[in-house]
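Chains as they are written, first to last, in my numbering: chain A, 28 to 508; chain B, 154 to 453. Yeah, the Cβ is synthetic: ideal placement off N, Cα and C, and Gly gets one too. Note sheet for the following structure.
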Amino acid sequence: MPFNSLRYFLFLPVVYLVFFLAGERARWCVLLAASFLFYGALQVPYLPAVLALVALSTYGFGIRLDRAGTERAKRGVLWCGIAANILILVLLRYLPFLSENLGALGGLFGMEGRIQPVKALVAIGVSYYIFQAISYLNDIYLEIAEPERHFGYFALYLAFFPKLLQGPIERAADLMPQLKARYRFDYDNMRYGLLLFTWGLFKKVVVADRLAIYVNHVYGDVHGFSGLPLLLATYAYAMQIFLDFSGYTDMALGSALLFNIRLTQNFNNPYLATSVADFWRRWHISFSRWILDYVFKPLQMRWRGWKEWGTAAALVTAFLVSGIWHGASWGFVIWGGLHGLYMACSVFYRPYQKKLHKALRVEKTGLLKAWQMLVTFNMVSLAWVFFRANSTADAFYLLRHLCDGVKGWQQFLFWQGRSEFLLLAAVLALVLAINCLPRNAGFTVIARYPLLLRWSLYVGLVLGIILLNIDAQKSFIYFQF
Amino acid sequence: MYRLTAKILLLLLIVAVIDRVGDRYLKSGLESFFYLNGKYDVLCIGHSHTEQGIDEKLLEQGLAGLRVGKYAMKGVNTFDRQAMIRQAFARNSSISLVIYDVDINTFNTKGVGSSSYKLLYPFLGDPAIDGYLKGMSDPEEYYSRKYLHLLRYPSIMQKYAFKQLLNSKDPTEVFNLDVQQLRTSLARGSHYSFAVDAANRAAFRETIALIRARNARVILLFIPTVDIINSINRSDYRKMIALFQEEAARDQGVTFLNYSDRYEGNHDFFRDPTHLNNKGRAVVTRDLAGDVARIMSRAQ
Numbered sequence: 028m029p030f031n032s033l034r035y036f037l038f039l040p041v042v043y044l045v046f047f048l049a050g051e052r053a054r055w056c057v058l059l060a061a062s063f064l065f066y067g068a069l070q071v072p073y074l075p076a077v078l079a080l081v082a083l084s085t086y087g088f089g090i091r092l093d094r095a096g097t098e099r100a101k102r103g104v105l106w107c108g109i110a111a112n113i114l115i116l117v118l119l120r121y122l123p124f125l126s127e128n129l130g131a132l133g134g135l136f137g138m139e140g141r142i143q144p145v146k147a148l149v150a151i152g153v154s155y156y157i158f159q160a161i162s163y164l165n166d167i168y169l170e171i172a173e174p175e176r177h178f179g180y181f182a183l184y185l186a187f188f189p190k191l192l193q194g195p196i197e198r199a200a201d202l203m204p205q206l207k208a209r210y211r212f213d214y215d216n217m218r219y220g221l222l223l224f225t226w227g228l229f230k231k232v233v234v235a236d237r238l239a240i241y242v243n244h245v246y247g248d249v250h251g252f253s254g255l256p257l258l259l260a261t262y263a264y265a266m267q268i269f270l271d272f273s274g275y276t277d278m279a280l281g282s283a284l285l286f287n288i289r290l291t292q293n294f295n296n297p298y299l300a301t302s303v304a305d306f307w308r309r310w311h312i313s314f315s316r317w318i319l320d321y322v323f324k325p326l327q328m329r330w331r332g333w334k335e336w337g338t339a340a341a342l343v344t345a346f347l348v349s350g351i352w353h354g355a356s357w358g359f360v361i362w363g364g365l366h367g368l369y370m371a372c373s374v375f376y377r378p379y380q381k382k383l384h385k386a387l388r389v390e391k392t393g394l395l396k397a398w399q400m401l402v403t404f405n406m407v408s409l410a411w412v413f414f415r416a417n418s419t420a421d422a423f424y425l426l427r428h429l430c431d432g433v434k435g436w437q438q439f440l441f442w443q444g445r446s447e448f449l450l451l452a453a454v455l456a457l458v459l460a461i462n463c464l465p466r467n468a469g470f471t472v473i474a475r476y477p478l479l480l481r482w483s484l485y486v487g488l489v490l491g492i493i494l495l496n497i498d499a500q501k502s503f504i505y506f507q508f
Numbered sequence: 154m155y156r157l158t159a160k161i162l163l164l165l166l167i168v169a170v171i172d173r174v175g176d177r178y179l180k181s182g183l184e185s186f187f188y189l190n191g192k193y194d195v196l197c198i199g200h201s202h203t204e205q206g207i208d209e210k211l212l213e214q215g216l217a218g219l220r221v222g223k224y225a226m227k228g229v230n231t232f233d234r235q236a237m238i239r240q241a242f243a244r245n246s247s248i249s250l251v252i253y254d255v256d257i258n259t260f261n262t263k264g265v266g267s268s269s270y271k272l273l274y275p276f277l278g279d280p281a282i283d284g285y286l287k288g289m290s291d292p293e294e295y296y297s298r299k300y301l302h303l304l305r306y307p308s309i310m311q312k313y314a315f316k317q318l319l320n321s322k323d324p325t326e327v328f329n330l331d332v333q334q335l336r337t338s339l340a341r342g343s344h345y346s347f348a349v350d351a352a353n354r355a356a357f358r359e360t361i362a363l364i365r366a367r368n369a370r371v372i373l374l375f376i377p378t379v380d381i382i383n384s385i386n387r388s389d390y391r392k393m394i395a396l397f398q399e400e401a402a403r404d405q406g407v408t409f410l411n412y413s414d415r416y417e418g419n420h421d422f423f424r425d426p427t428h429l430n431n432k433g434r435a436v437v438t439r440d441l442a443g444d445v446a447r448i449m450s451r452a453q
């Protein structure tokens, strides 16, 4: 059930009402049942079963981990738990990719047709809650968190519907206490929650989906374009994916806030980052933290003897994992590899970069910051090409022809008409400007506005969604991951 | 809790009022834009080829005494047009000629989207359109638009409505086809295909029969598309032309006019491979006026 569907607009208030009317002890049951209902609404019968299986097995491994006496036994249980989760993930998401590539490899050695390609399965949300499950086991192993004894709360921690399909990837220590806390109606939470939800919806259906029309026009037939239109479409995609995903996250955060639950902020103006490392501190924050804590840091520790080379190798590996997590295709692998490469290179050039800035006397100047933002945005956008292109061949074609002049830019910008382009530019500027305000400041400021202005904004936002929504692109980009 | 509920209800009430008022305003613009409330003798119906390729005012000037209406929107397929023609006839009994644009994709839905029926949502509630929309859409989509009227207006329909309401109907954008880019694109694998789908052809024939049952004549008009794409598969293109000639031969009240053969080589007439620019639009409309006048005088 996507957040931008009529079913969800009916589902959310009904769940809230039942939750509100239910007794304190039954509230977790209401949320758990609602979460499974929400997942079941995708009409893929095995998905709720997979979620239940992951919940049961991880819960069991968590208890066993706590009871294991020796370090060796603990480590054994941890790896079994991780392996079980990864096995489920591989079976659901990576078999088609593996079978296809192994089949191609077999063909090189004269074994054509021995390995049959496997059909892809729908795995919406699986990688998110499996990553949560792995982090839960790791945190118990590292004694950062206690194992949860109440299976209901544990299952709810994995399945809580606002973050089930696209995250944020929550840590047990952050979410579990909130799920267990006594519920009291909070007017401000309700108001901010509803406003955040509506704002996220606006970002998705008015701006991101409008950008998608331009992006799909070019990326659907890259060979029909060259030069500036390709570059503009790439920038447009950078904005589209940000607004699509951050819009979803706002809706998730807003939904959860109705139940007095504060989910992790997943975005913090990522395109204002001054380096790729900074970008990853601002983009998909819950996921970056996961990769940092559970992939990069252990590898860096293991390879610390190789000094900078060890750090660089750990970075490349972590980002390759990140790429593969996004999907089983070479495009995602290259995307992850590129980010890994950016970061690995920075390990070596950063000391010289600092010296250069000092020599040029541009340290901490606005000009340097602006330049760094521009460079970082372009590097990130360049990597997005592999993320979005229909094939790696298309991506390489696009990169080769990115600088082929400016011909055709008017046809690209105005192919939906000048008025449509102006509307897009206006709503994009509005959203980005509001986004640049300090986190949540926008909503705090609105709360202080005079009644008439405040209500005009509310009504304008709702009418904007109704009137300016784009119907073409229903699903969120990050659904596929 | 009560305070918040009251505020939400008040907000919904305000939105509902604006929704109804906005719907009336936009609908009035659309009905004028598509001549749905006017009386006319010649109806030009079709998708973007007609929208951009026929200037109804110029056509009317060329047809002394005949009034012209145009009901064309980007992307409508054969099935949508059937509903549109029903609607037009239900509102206007004086139509004596329908100019129906045809092209290589008339008998399939490749060239236009499969969700083009959504363009007709602003007319939800019109008996000629209602059943068609209900049959095409899922309940969630249908009922959300039934009760939330402003949801019925996709951006293109808002654009049409505002063009009319703000009196800026004349096209202002002038583009010329980039022949070099098109050739490069085709050489790199972009392609245009030709196909005939039985259901589409049946719907097309039903539509022609529907028009003829109202004693109106039909012109099947092939608005020019550029020779570069027509010649990708010239034999298939010819087959399509033959199919339209065949349709015309079945009934004396149906005429097929192929302007594509006449103007496909005039690259300066096109804004893109399948759409005319202002220059091409003026030339084609003048030719059409001459042909229509001839056909109508012969019929009398």
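Whether residue i touches residue j by CB criterion (9 Å)
i                : j                : result
Gly220 (chain A) : Leu280 (chain A) : yes
Leu223 (chain A) : Asp271 (chain A) : no
Glu354 (chain A) : Arg54 (chain A)  : A small fix is needed here, since residue 354 (chain A) is Gly in this sequence, not Glu. No. Outside cutoff.
Ala68 (chain A)  : Val45 (chain A)  : no
Phe314 (chain A) : Asn293 (chain A) : yes
Leu441 (chain B) : Leu410 (chain B) : yes
Asp350 (chain B) : Phe276 (chain B) : no
Alpha-carbon to alpha-carbon, residue j and residue i
i                : j                : result
Tyr43 (chain A)  : Leu285 (chain A) : 7 Å
Phe404 (chain A) : Tyr369 (chain A) : 13 Å
Ser282 (chain A) : Tyr416 (chain B) : 58 Å
Cys197 (chain B) : Ala241 (chain B) : 11 Å
Ile171 (chain B) : Arg156 (chain B) : 23 Å
Tyr275 (chain A) : Val153 (chain A) : 17 Å
Gln443 (chain A) : Gly133 (chain A) : 47 Å
Tyr300 (chain B) : Gln334 (chain B) : 46 Å
His420 (chain B) : Met393 (chain B) : 22 Å
Lys385 (chain A) : Leu401 (chain A) : 20 Å
Lys192 (chain B) : Arg220 (chain B) : 8 Å
Gly358 (chain A) : Phe124 (chain A) : 12 Å
Leu318 (chain B) : Ser308 (chain B) : 15 Å
Ala446 (chain B) : Phe186 (chain B) : 24 Å
Gly182 (chain B) : Phe413 (chain A) : 44 Å
His302 (chain B) : Val242 (chain A) : 29 Å
Pro75 (chain A)  : Phe65 (chain A)  : 9 Å
First through last residue of the alpha helix (DSSP H) which encompasses residue i
i                : result
Asn165 (chain A) : Val153 to Tyr168
Thr117 (chain B) : Residue 117 (chain B) lies beyond the residue range present for chain B, which begins at 154 and ends at 453; the question has no answer from this structure.
Asp254 (chain B) : Not the alpha helix (DSSP H): Asp254 (chain B) falls in the beta strand (DSSP E), residues Leu250 to Val255.
Leu189 (chain B) : Element bounds for Leu189 (chain B): n/a, residue is neither H nor E.
Ile207 (chain B) : Unbroken run through Ile207 (chain B): none, as it is neither H nor E.
Leu373 (chain B) : Unbroken run through Leu373 (chain B) is the beta strand (DSSP E), Arg370 to Phe375; no alpha helix (DSSP H).
Residue i, enclosing beta strand (DSSP E) - first and last residue
i                : result
Ile361 (chain A) : Not the beta strand (DSSP E): Ile361 (chain A) falls in the alpha helix (DSSP H), residues Trp357 to Ala386.
Lys223 (chain B) : Val221 to Ala225
Gly199 (chain B) : Val195 to Gly199
Check: residue i C-beta below 8 Å from any heavy atom of the ligand GDP
i                : result
Val104 (chain A) : Only the bare structure without any ligand can be found here, which leaves the ligand GDP out of the picture.
Residue environment, residue i, which counts as buried when at least 16 other CB atoms sit within 10 Å
i                : result
Thr471 (chain A) : exposed
Val433 (chain A) : exposed
Tyr412 (chain B) : buried
Pro325 (chain A) : exposed
Ala402 (chain B) : exposed
Gln214 (chain B) : exposed
Leu202 (chain A) : buried
Ile493 (chain A) : buried
Thr325 (chain B) : Model confidence at Thr325 (chain B) stands at a pLDDT of 48, short of 50, so the residue's coordinates are unreliable; what they give is reported in the following sentence. Result: exposed.
Arg358 (chain B) : exposed
Contact with chain D by residue i, beta-carbon distance below 9 Å
i                : result
Gly251 (chain A) : Protein chains A and B are contained in the structure displayed, whereas chain D is not.
(request) Quick one: which residues of the segment 440-456 of chain A get their C-beta closer than 7 Å to a C-beta of chain B? List them in chain order. (result) Within the segment 440-456 of chain A, the residues whose Cβ lies closer than 7 Å to any Cβ of chain B are, in chain order, Phe441, Gly444, Arg445, Ser446 and Glu447.
(request) Output, in sequence order along the chain, the residues in the segment 482-494 of chain A whose CB is closer than 7 Å to any CB in chain B. (result) So the close ones are Tyr485, Val486, Val489, Leu490, Ile493 and Leu494.
(request) Scan the segment 160-174 of chain B for residues whose Cβ lies nearer than 9 Å to a Cβ of chain A and list them as they occur along the chain. (result) When CB distances to chain A are screened at a threshold of 9 Å, the residues of the segment 160-174 of chain B falling below it are Lys160, Ile161, Leu163, Leu164, Leu165, Ile167, Val168, Ile171 and Asp172, in chain order.
(message) Any C-beta of chain A within less than 9 Å: which residues of the segment 278-291 of chain B qualify?
(response) Residues: none.
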